[in-house]
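My numbering runs 52 ahead of the 1-based position in the sequence shown.
Think of the CB as a built atom: it goes at the ideal place given N, C-alpha and C, for glycine as much as any other residue.
First up is the structure itself, then whatever we jot down about it.
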Amino acid sequence: MNKLLVFLFLPVAIMLAQKSDFYPLGSVNAVVPTPKSVLGYEIGDRFTDYRNLERYMEKLAGSPDRVKRVIYGETYEHRPLQVLFISSAANLARLEEIRTQNLILTDPRVQKAKSSADQIVGTIPAIVWLSYGVHGNESSSPEAAIATAYQLCAGTDQRTQTILDNVVIVIDPSQNPDGRERYVRWANSTTTVPPNVRPDAYEHREPWPGGRTNHYFFDLNRDWAWQTQQETQARIKIYREWMPHVHVDFHEMGFNSTYFFFPAAPPFHQALPPEVMKWGEIYGRGNAEAFDKLRIPYFVGEVFDMFHPGYGDSWPTFNGAVGMTYEEAGGAGVAIKRLNGQILSLRDRARNHFVSGIATLETTVKHKKERLQDFSKFWQTGMDGAGRTRGYVIPPGADPGRATGFVSLLLKQGIEVHELQEAISLEVLRYYSKRNSRETFPKRSYFVSTQQPQSRLARAILEPHAAVKDTFFYDVSAWSLPIAYGLDAYTTESPLPPGAKRISEAPPVSGAVVGGPAQFAYLLPWERDGAIRVAWNLLQQGHTLHYATRRFEVLRRGFGAGTVVAFVGQNNDSLHADIQQLSLLHGVEVYAVNTGLTEKGISLGSNRVRPMKKNSIAILTDSPVFSSDFGQLWSLFEQEFKIPFTAIRSSDLKSVDLDEYGVLIIPSGGDFRSVIDSATVDKLRRWVQQGGTVVGIEEGARFLAKSKSGLTTAMLQTDKKEEEKSKEEKEREKARKELVKRQTLFEKQETQRLDDIPGTIFRAIVDTTHPIGFGVPNEIFVFKGNGTPLELSETGHTVARFSRDTTEVSGYAFPERARRTAETAYAQDFRIGRGHVVLFAEDVAFRMFWKGLNKLLMNAVLLVPEP
Ligand SMILES: [Zn+2]
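This is the structure we're talking about:
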């Protein structure tokens, strides 16, 4: 910390010691309960647990005519999600009218028929949505929400009155109550009296998994566009009923920082209008003025891009709002000592968020008309579309259920989707191909037009390449939704075909038993994800199942490898009813056959039709497993497929009786050596030799390599010996070393920053004759992060590998890193004794929205283990 900053901090510290004042605006209405009168302490003295936060909001809602409280959902742990609408009595009395008028602004096509945009802009107040605590352990912001709500409900001064007259304020005091509660329970149970300000004190060292994430350890600030979590789904629903003009997401960063507000840093998504930067600056100036007055240091613009649409700032921005992230120095307990010697208290932190919240409201009042005009313009210019691309075309494909899930996700975000009512031929460009072609799309294909108000968000979510100029990525660099869902997708310059029908909900996927009841067997093709659910349920109900490892034909239809066979003679009579019911429930077609003879390929009684095992599944959890990586598997098994599993603490692996389980999954994590010693590795090996299956993902897979645990012969690229490298590789390395010798510090930092694969889409080739590849296309698009590649192996079987023609297909990758990815393994299967070790070099369940890869993992769990 330099001298200037120390100098700056001193007067601030003194001032705060005297008066960390929340309510500088003047007189208050004594009828409105103060936080202290309800909670029993001043804001910042200790952490407010969720029940008390709720209780305070309930009490406020009982105070007169300025506030309305709405419960909009529930968390996985059954805590209510709530918002307060705060405004003048006059505004509250016509709240519903304000809401519906505002929504007219978001669709220019209805404006002529109803009120004109100008009329509306002149008559409704601004809507400002303040969202606190999306990261549960960034703990000051819900405290600030209490103080802000009190100020707005109780203030009788002119400034507060002006805000209320001009703005409908929506306060979400805690977007992530489960994470908040996880943090607060821990913090309140460990904080000493008086609080220990040393950063290494236990009360500042939150244990695994931390309170940042929700129940399933998901980062809700990455989930806005993908809506995999219940909290997000509920929030987007109420958000879209209101479509605010400003949205602020309150966070915390490291406790040695200052305060951050917008404008954001590049890259900006190219679909966003230029006004985004202008408004970042307007609000930045408003906040700066308030912070200057209180002499609180801050910074703007260096971090936080406006590129990935999944954040609480970018998603609202793609929905016409000024969406912003504010960050307070924090991530600390009740009080902590900073590098500069200053004590940062919870009260200071909450106060700063209070100050920025009020400043944001006052800036809105000042620029209200212009803000609403730009909001209205956003939707009008949205109608202009996206250059030459007039639409995205997605045929329902081999798994219409997945396509339906995809469509439903678009509809939930206000993106209009049309369904073709007849087969149509269109000039198109297939995603990641190089040449246009004319394709015929079947009836019921989906068409998303770029001539719609919501075209910007549609583009950001659907386009094959996220349009970006710079290369700073705060998060992943590619996410094209049809690709993540494993769907075939096309762009077209043709407009929406006439006769296509706009749909308001995703069409249900029909399931059926074709030709039943069967005399001999039922055949369940493996292409649809629903087949996994049906098969698991049948196993669960005690039925005996097999699966074909080769293709065959019967009923004049081809059945791919992976097709599940349920023999009537091996099951009791309930099979018929169970299959009937499950096929309807999960939208799959099951075929009844009356003979074991096929028309082509293997017979149903072939040795190549193997028994399917109902395995007990264990998943490692707790440190060193990354909580998010365990969490997404937890959510995948429990929510998506409803397959039970046992979570085992990593450090318990050495003592657990593995014979209770058939499959053990090791998610990505840190240093597995710290909990899995060589005796435990030997134990794992013996268990695999007896028939167990270990599935390692990312770092969990790399731990199973030869140079790490030695459980398999898999080789990491970095383990390549000098003599194993090609001449070209050696030359590239030499050139790199020469370059480094003369680089400036700045150049070195830039190289380090760019030498990265931040989350990028690559092409992979799948061996569809191996069980892990059953039901999967032979070319897929996979998500790759920064991990060390796994070399192809002659002793293990490579089931999927990154393609030879290298390079990423979408997103950013340092060219040299992309080259090194070519022809390395994506998925490998090592056979050891009677068992298997399966390695996935990359994440196959990324944040649960990369649904196209789920089957690879489920195959490893359901089909690979041998009976
Ligand atoms: Zn945060």
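Original post:
Relative to ligand 1, is the shortest distance from any of its heavy atoms to the C-beta of Glu-190 smaller than 7 Å?
Top reply: yes
Original post:
Between Arg-496 and His-598, is the Cβ-Cβ spacing less than 8 Å?
Top reply: no
Original post:
Just the Cα atoms here: how many angstroms apart are Thr-208 and Val-119?
Top reply: 14 Å
Original post:
Hey, would you say the C-beta of His-888 is under 7 Å away from at least one heavy atom of ligand 1?
Top reply: no
**OP:** Less than 8 Å between the CB atoms is what I'm expecting for Met-376 and Phe-313, so what's the real figure, rounded?
**Re:** 7 Å
Original post:
What whole-angstrom Cβ distance do Gly-741 and Gly-612 have, given they're in contact under 8 Å?
Top reply: Checking the sequence shown, residue 741 turns out to be Gln, not Gly. In fact, because the Cβ distance is near 31 Å, the residues do not count as touching under 8 Å.
**OP:** Kindly list the residues whose CB is nearer than 7 Å to the CB of Asn-54, restricted to its own chain and excluding five residues on each side of it in sequence; keep chain order.
**Re:** Reliability of the predicted coordinates at Asn-54 is poor, the pLDDT of 37 falling under 50, and no value is obtained from them.
**OP:** Assuming Leu-705 contacts Thr-732 (C-beta within less than 8 Å), just tell me the rounded distance between them.
**Re:** 6 Å
Subject >> Cβ neighbours of Leu-509 in the same chain (closer than 7 Å, five flanking residues each side left out) >> reply: Pro-361, Phe-370, Asn-371, Gln-465, Ile-467
**OP:** May I have the straight-line CA-CA distance separating Thr-416 from Ser-556, to the nearest angstrom?
**Re:** 34 Å
**OP:** Assign Leu-57 to one of three DSSP states: helix, strand, or coil.
**Re:** Low confidence applies here, because Leu-57 scores a pLDDT of 36, under 50, leaving its location unreliable; read the following figure in that light. Correct three-state label for Leu-57: helix.
**OP:** Output the boundary residues of the beta strand (DSSP E) element that contains Ile-215.
**Re:** Run containing Ile-215: none in the beta strand (DSSP E); it sits in the alpha helix (DSSP H), 210-218.
Original post:
Using the rule of at least 16 other Cβ atoms within 10 Å of the residue's Cβ for burial, across every protein chain shown, is His-187 buried or exposed?
Top reply: buried
**OP:** May I have the straight-line CA-CA distance separating Val-565 from Met-329, to the nearest angstrom?
**Re:** 56 Å
Original post:
Does DSSP classify Asp-734 as helix, strand or coil?
Top reply: helix
Subject >> Cβ neighbours of Ser-761 in the same chain (closer than 6 Å, five flanking residues each side left out) >> reply: Val-733, Phe-755
Subject >> Separation of Gly-443 from Ala-323, as counted between CA atoms >> reply: 15 Å
Original post:
Are the stretch 844-857 and the stretch 805-817 touching by the rule of at least three beta carbon pairs closer than 8 Å?
Top reply: yes
Subject >> Assumed close pair Ala-387, Leu-396 - CB separation to whole angstroms, cut-off 8 Å >> reply: 7 Å
Original post:
CA-CA distance, Tyr-574 and Arg-609?
Top reply: 14 Å
Original post:
Any idea which residues DSSP pairs Gln-804 with across the strands?
Top reply: BP columns for Gln-804 are empty, so no partner.
Original post:
Apart from the five residues on each side of it in sequence, which residues of its chain come closer than 6 Å, Cβ to Cβ, to Glu-474?
Top reply: Lys-495
**OP:** Kindly indicate which three-state DSSP category Arg-899 falls into: helix, strand or coil?
**Re:** helix
Original post:
Just to confirm, are Glu-605 and Gly-653 a CB contact at a threshold of 8 Å?
Top reply: yes
Original post:
Is it the case that the Cβ atoms of Thr-412 and Val-180 are separated by a distance below 8 Å?
Top reply: yes
Subject >> Inter-residue CB distance, Ile-446 and Ala-541 (contact presumed, cutoff 8 Å) >> reply: 5 Å
Original post:
With distances taken from CA atoms, which of Ala-583, Pro-505, Asp-895 is nearest Gly-752?
Top reply: Asp-895
Subject >> Which listed residue (Ser-168, Asp-224, Leu-204, Gln-171) has its alpha carbon closest to that of Ser-193 >> reply: Asp-224
**OP:** Go through the stretch 354-387 residue by residue and report every complete run of the beta strand (DSSP E) that reaches 3 residues or more, in order.
**Re:** 374-381
Original post:
His-849: beta carbon under 7 Å from a heavy atom of ligand 1?
Top reply: no
Subject >> Rounded C-alpha distance that separates Leu-424 from Leu-514 >> reply: 28 Å
Subject >> Sequence-distant residues of its chain with Cβ nearer than 7 Å to Val-469 (five each side left out) >> reply: Val-459, Leu-462, Leu-463, Tyr-498, Val-500, Ile-555
**OP:** Would you check if the distance between the CB atom of Glu-183 and the CB atom of Gln-227 is smaller than 8 Å?
**Re:** Sequence inspection shows Ser at residue 183; the Glu mentioned does not correspond to that position. Yes. Within cutoff.
Original post:
Under the DSSP definition of a beta bridge, which residues are partnered with Met-970?
Top reply: Residue 970 lies beyond the range of the chain shown here (53 to 919); nothing can be said about it.
Subject >> Pair within 8 Å by beta-carbon distance, Ala-201 and Leu-112 >> reply: yes
**OP:** Helix, strand or coil for Gln-622, going by three-state DSSP, please let me know.
**Re:** helix
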